[in-house]
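If you're matching them up, the sequences are chains A and B in order.
Residue numbers for the first sequence follow the numbering used here, beginning at 17 and rising by one.
Residue numbers for the second sequence follow the numbering used here, beginning at 9 and rising by one.
All C-beta atoms, glycine included, are put in the ideal place defined by N, C-alpha and C.
Fair warning: this is a prediction, and the values are worked out from it, not measured in the lab.
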Amino acid sequence: MTTPLVEMNDICLSFGGVRAVDHVSIDLNPGEVVGLLGHNGAGKSTLIKILSGAYRPDSGEIRINGEPVKIESPRDARRYNIETIYQTLALADNLDAASNLFLGREIVTPTGMLNDARMEAETRRIMARLNPNFKKLGVPVSALSGGQRQSVAIARAVYFNARILIMDEPTAALGVHETRMVADLIKELKAQGLGIFLISHDTREMLELCDRVSVMKNGRLIGTERVEDVTEDDILAMIIMGKKPERAA
Amino acid sequence: MSDIASTPPRGKGNIARALELDTRLLGMIGALVVVCLIFNFLTDGRFLTPRNLFNLTIQTVSVAIMATGMVFVIVTRHIDLSVGSVLATCSAVMAMTQTRWLPEALGLDIGNPAIFWITVIVGIATGIVIGALHGWLIGYLTIPAFIVTLGGLLVWRNVAWYITSGQTIGPLDASYMKLGGINGTLGVQWSWIVGLIACATALLALFSARRNKLTHDHPVKPLWAEFSLGALICGGILGFIAILNAYEVPAARLRRIFEARGETLPEGYTEGYGLPISVLLLIAIAIAMTIIARRTRLGRYIFAFGGNPDAAELSGINTRLLTVKIFVMMGILCAISAMVASARLANHSNDIGTLDELRVIAAAVIGGTALSGGVGTIHGAILGALIMQSLQSGMAMVGVDAPFQNIVVGMVLVIAVLVDILYRKRMGDRT
Chain A
17 MTTPLVEMND ICLSFGGVRA VDHVSIDLNP GEVVGLLGHN GAGKSTLIKI
67 LSGAYRPDSG EIRINGEPVK IESPRDARRY NIETIYQTLA LADNLDAASN
117 LFLGREIVTP TGMLNDARME AETRRIMARL NPNFKKLGVP VSALSGGQRQ
167 SVAIARAVYF NARILIMDEP TAALGVHETR MVADLIKELK AQGLGIFLIS
217 HDTREMLELC DRVSVMKNGR LIGTERVEDV TEDDILAMII MGKKPERAA
Chain B
9 MSDIASTPPR GKGNIARALE LDTRLLGMIG ALVVVCLIFN FLTDGRFLTP
59 RNLFNLTIQT VSVAIMATGM VFVIVTRHID LSVGSVLATC SAVMAMTQTR
109 WLPEALGLDI GNPAIFWITV IVGIATGIVI GALHGWLIGY LTIPAFIVTL
159 GGLLVWRNVA WYITSGQTIG PLDASYMKLG GINGTLGVQW SWIVGLIACA
209 TALLALFSAR RNKLTHDHPV KPLWAEFSLG ALICGGILGF IAILNAYEVP
259 AARLRRIFEA RGETLPEGYT EGYGLPISVL LLIAIAIAMT IIARRTRLGR
309 YIFAFGGNPD AAELSGINTR LLTVKIFVMM GILCAISAMV ASARLANHSN
359 DIGTLDELRV IAAAVIGGTA LSGGVGTIHG AILGALIMQS LQSGMAMVGV
409 DAPFQNIVVG MVLVIAVLVD ILYRKRMGDR T
C-alpha cells in the first residue's frame, strides 16, 4: 500500500465553546477524489480550511507524503502544493482575471515590477484550456458571470501545478453546462494523479465523481466509505441520522 | 481574443473612449475649470493670473502629498484622522532639530549644510515611527483605524505642543525653507528644461506602453488617438511651466537679491519664478506612488485587500504587515508635507496642519477614492486637493467670511461623495 498524499489525524478545532471539528481523521491518495458530505455547519469547510492554512487546529497532526508538516498560513499550504477553490471563490472583485489568478504569486520583471502583459498572456493560455468561452480579460471580475468567476478560481488552483486540490462547492453557482465542465475537469486532474478533496451537497454528483466519501455531522466524522460499497440512501442516512450503514464492515 | 476591449462601444463619449481617458477624470478636470472660471469672473480676472495660480499650486502641495498616501489608506478600507497632527509632530521635531538641538547639542552653526540633511532624516524617521505604531495597532492588534487615528489626532497634536512648549519656532534653516515654494524655485531656464524632460518621458512612456501591448497582441488605440493624447499631455506640461515662469519676481525683491550680492539691479531686468521645488517634490511623489500602485506587488496587494480582504489573506498575502507598510508610507508622506508646510510659513507654529485631515480625506474622496475600498487613483487625489484649494482661496479672494468658507468646504465633501455614489450606480459598478 502506497503512502497517502495527505493524512489528517485526530484533528480538533473549537471556536469558543463549539467543537467545530472533533477528533476527525481523513486521508487522501494520489489520483483519488474524496468527497466530504454533511449538513451546513457539520464542519466540512472548517476541516479543509485547516488543510489550506486558513485555520490552525487546536490539536492533531497533518502528514503530507507521510511527513508530518505544520501548515500555519495559506502560504505554507501553497508550499506543499495544496490549492484551494473556496466556496466564496476568494476573488478580489475590483481586479481583473489575471491579477486574481496570480494574486500572491505575481510574475515580475527583473527590476521587480509586475509583468502584467505576461500574466495576461498566461491567463489567456490557461483559460483557453479550461473555459474556451472566457474572453473578458481586461475587466474587473465583478463584471463576470458566476461561471466565469468560477473559471478564474479554478484556473488559479490548476495553474500552479497543485498536487492536492481542495474544492469547496465548486458547482454551487453553476449552470448545467458549466457543472459538466467542472466534472470533466475533476476527472482529468484525477487522471493526472492529483488528490482532490471535494465538498458538495449533491449526493448523486458525489457518488459519480468520488472514490470515497467521508460524512461529517456536528463536527464528528461519521464514517468513510468506498462509493461502490454504499447506496445513496446509505449516505443520506449517515448525513441525516449520523448512522453508519449496517452491512458494512 | 479580447474582443470586448478592441471594439469601441458606439454612442457618445466615443472620442474619450478612443483616447482611453476615463470619464471620471474628465469630469474632475471639468469641475476644476468651472470653479476657476467662476472665481475668475467674480474677482474681475484676478483668479487666473500667473501670481494666483503660482500661489494656488504651492498651497496645494502639502495636502496633495498626504492625499496620495490617504488613497492607499482608504483603498484598504481604513481611514487616517491623524495626518494633520502627525504633520504637526514631525514639523515640531524638525523645527527643534534645526534650531535648538543640533546647534546646542552638537554645536553645529546655524547655516551649516549638514543641518538640512540631518533635519530631513530625523523628520522622516519620526514619520516612520508614528506610522509603524499606527499600523501595528491596526494590523496586529486589530484596533479599528478610525479609533487608533482618532486617538492619534489628539495625541500627536499635543506631542507637538509639548515638544515646542507651544511656541512658534523659527526662523528655519535657509536650505530647508527652499522646500516651501516661493523661496525655492528653479528659475525660468531650468523650469523649461524640466518641462521638456517631462514631455520626453511622457512620450516615451506612451510609446513603450504601445509597443509592449503590440508584442503581446493586446489591442491598441488608433495612432491618431495616441498622438492627440501625447500632444494633450505635452501641451499641459508646457502650459503649466509657462504660467509659473510668467510670474515675475517683484522688483523690490530682485533689488534686495542683487544688493545682497553687492550688485545693482540692471534697468528693465526681470526674472520669473518658475517651477517651485515643492511642486517638483509633489510630482516626484505622485510618480513614485503611481508606480507603487500599478506596477509593484505592494500596490497590487493594497488594491486586492481593498477589493476583498479575505481573498487577500487566503492568497497568502501577509495582510497585517501590509497594513503596517501602508501606515508607514502615510507617516513618511506626513513628514514630507510637514517640511513643505513649515518651510512655506518660514516657521513652525503650534497650529500647523490643523484640520488637514479633513482636507486630505476630502481630496482623496473628491478624487474618486471609494470609501468602500478597492478603488482610487493618485492623480485623482491630487486633482481633488487642487479643487479643494481652488475653492478655498477663491472664496477668500471673493471675500467670503471664514465661517462660510468652512461651511462650503464641508458641504462640498458631502456632495462629492453623493455624486460619487450616483456615478457608480449609473456605471453599474458593484464597488
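Bridge partners - residue i, DSSP secondary structure assignment
{"i": "R236(A)", "result": "K233(A)"}
{"i": "E77(A)", "result": "N25(A)"}
{"i": "T193(B)", "result": "P284(B)"}
{"i": "I182(A)", "result": "T100(A) and F213(A)"}
{"i": "S30(A)", "result": "R35(A)"}
{"i": "H226(B)", "result": "BP columns for H226(B) are empty, so no partner."}
{"i": "R134(A)", "result": "R134(A) pairs with nothing; no bridge assigned."}
Close beta carbons around residue i, own chain, < 8 Å, minus the five adjacent residues each side
{"i": "R438(B)", "result": "Because R438(B) sits at a pLDDT of 45, beneath the cut-off of 50, its placement in the model cannot be relied upon, and the point is left open."}
{"i": "L130(A)", "result": "E122, I123 and V124"}
{"i": "L288(B)", "result": "L194 and V202"}
{"i": "A254(B)", "result": "P58 and G280"}
{"i": "G174(B)", "result": "N358"}
{"i": "K206(A)", "result": "G47, E48, V49 and I212"}
Residue i: contacting residues in chain A (beta-carbon distance under 8 Å)
{"i": "T304(B)", "result": "G128, M129 and L130"}
{"i": "D318(B)", "result": "T104 and A106"}
{"i": "H224(B)", "result": "A133, R134, E136 and A137"}
Within chain B, the residues that residue i reaches when beta carbons sit closer than 8 Å
{"i": "P90(A)", "result": "E321, L322, S323 and G324"}
{"i": "A70(A)", "result": "E321 and L322"}
Candidates the options: closest to residue i by CA position
{"i": "L107(A)", "options": "L141(B), A393(B), R434(B) and A320(B)", "result": "A320(B)"}
{"i": "V168(A)", "options": "M143(A), L67(A) and I180(A)", "result": "M143(A)"}
{"i": "D92(A)", "options": "A114(A), G120(A), T195(A) and R172(A)", "result": "G120(A)"}
{"i": "N120(B)", "options": "L61(B), L40(B) and T105(B)", "result": "T105(B)"}
{"i": "E185(A)", "options": "K86(A), T100(A), R35(A) and T19(A)", "result": "T100(A)"}
{"i": "S30(A)", "options": "D74(A), I170(A), V40(A) and L53(A)", "result": "D74(A)"}
{"i": "I334(B)", "options": "V69(B), F62(B), M74(B) and I66(B)", "result": "M74(B)"}
{"i": "W200(B)", "options": "G247(B), W232(B) and I177(B)", "result": "G247(B)"}
{"i": "L211(B)", "options": "L237(B), T223(B) and P230(B)", "result": "L237(B)"}
{"i": "P156(A)", "options": "G235(A), V40(A) and N116(A)", "result": "N116(A)"}
{"i": "I344(B)", "options": "A100(B), M419(B), L34(B) and V81(B)", "result": "A100(B)"}
{"i": "P152(B)", "options": "S216(B), I82(B) and R218(B)", "result": "I82(B)"}
{"i": "M24(A)", "options": "G33(A), I42(A) and V37(A)", "result": "I42(A)"}
{"i": "K221(B)", "options": "S216(A), L201(A), A137(A) and S68(A)", "result": "A137(A)"}
{"i": "L252(A)", "options": "H55(A), V34(A), R35(A) and G32(A)", "result": "H55(A)"}
{"i": "G66(B)", "options": "L162(B), R432(B), F266(B) and I285(B)", "result": "Here residue 66(B) is Ile; the residue named in the question, Gly, does not match the sequence. Taking only the C-alpha atoms, the option nearest I66(B) is I285(B)."}
{"i": "I118(B)", "options": "L322(B), L283(B), S183(B) and T223(B)", "result": "S183(B)"}
Residue i: contacting residues in chain B (beta-carbon distance under 7 Å)
{"i": "E296(A)", "result": "Past the boundaries of the shown model lies residue 296(A); chain A is included only from 17 to 265, so the question cannot be answered."}
{"i": "R94(A)", "result": "G324"}
{"i": "G120(A)", "result": "S323, G324 and I325"}
Own chain partners of residue i with C-beta closer than 7 Å, once the 5 adjacent residues on each side are dropped
{"i": "C226(A)", "result": "V49, V50, G51, L214 and V243"}
{"i": "G402(B)", "result": "V43, F47 and F55"}
{"i": "G258(A)", "result": "K233 and I238"}
{"i": "A96(B)", "result": "W164, R165, A168, I360 and G361"}
{"i": "P179(B)", "result": "A354 and N355"}
{"i": "E248(A)", "result": "T219, R220 and L223"}
{"i": "G92(B)", "result": "G361, T362, L363, D364 and E365"}
{"i": "I177(B)", "result": "A103, M104, T107, N355 and H356"}
{"i": "L190(A)", "result": "G162, G163, Q166 and V198"}
Chain-order list of residues whose beta-carbon lies under 6 Å from that of residue i (same chain, five-residue window excluded)
{"i": "A206(B)", "result": "I245"}
{"i": "R263(B)", "result": "L273"}
{"i": "I12(B)", "result": "For I12(B), the predicted model reports a pLDDT of 36, less than 50, meaning its position is unreliable and no value from the coordinates is stated."}
{"i": "G188(B)", "result": "A351 and R352"}
{"i": "V94(B)", "result": "I138, W164 and C342"}
{"i": "M135(A)", "result": "A114, F118 and I123"}
{"i": "R35(A)", "result": "G235"}
{"i": "R94(A)", "result": "none"}
Expected contact under 8 Å - CB spacing of residue i and residue j to nearest Å
{"i": "S230(A)", "j": "T240(A)", "result": "4 Å"}
{"i": "T172(B)", "j": "N316(B)", "result": "That belief does not hold up - the Cβ atoms of T172(B) and N316(B) are roughly 44 Å apart, past 8 Å."}
{"i": "I146(B)", "j": "V137(B)", "result": "Contact doesn't hold; Cβ gap of about 15 Å is too wide."}
{"i": "S68(A)", "j": "Q103(A)", "result": "The Cβ separation is near 12 Å, so there is no contact."}
{"i": "T174(A)", "j": "L153(A)", "result": "One point to set straight first is that residue 174(A) is Val, not Thr, in the sequence displayed. Rounded, the Cβ-Cβ distance is 17 Å, inconsistent with contact."}
Neighbouring residues, chain A, relative to residue i (Cβ below 7 Å)
{"i": "V383(B)", "result": "N110"}
{"i": "G315(B)", "result": "A108, D109, N110 and L111"}
{"i": "R308(B)", "result": "S115, E122 and L130"}
{"i": "N220(B)", "result": "A133"}
Amino acids of chain A, ordered along the chain, whose beta-carbon sits closer than 9 Å to that of residue i
{"i": "A312(B)", "result": "A108, N110, L111, S115, N116, L119 and G120"}
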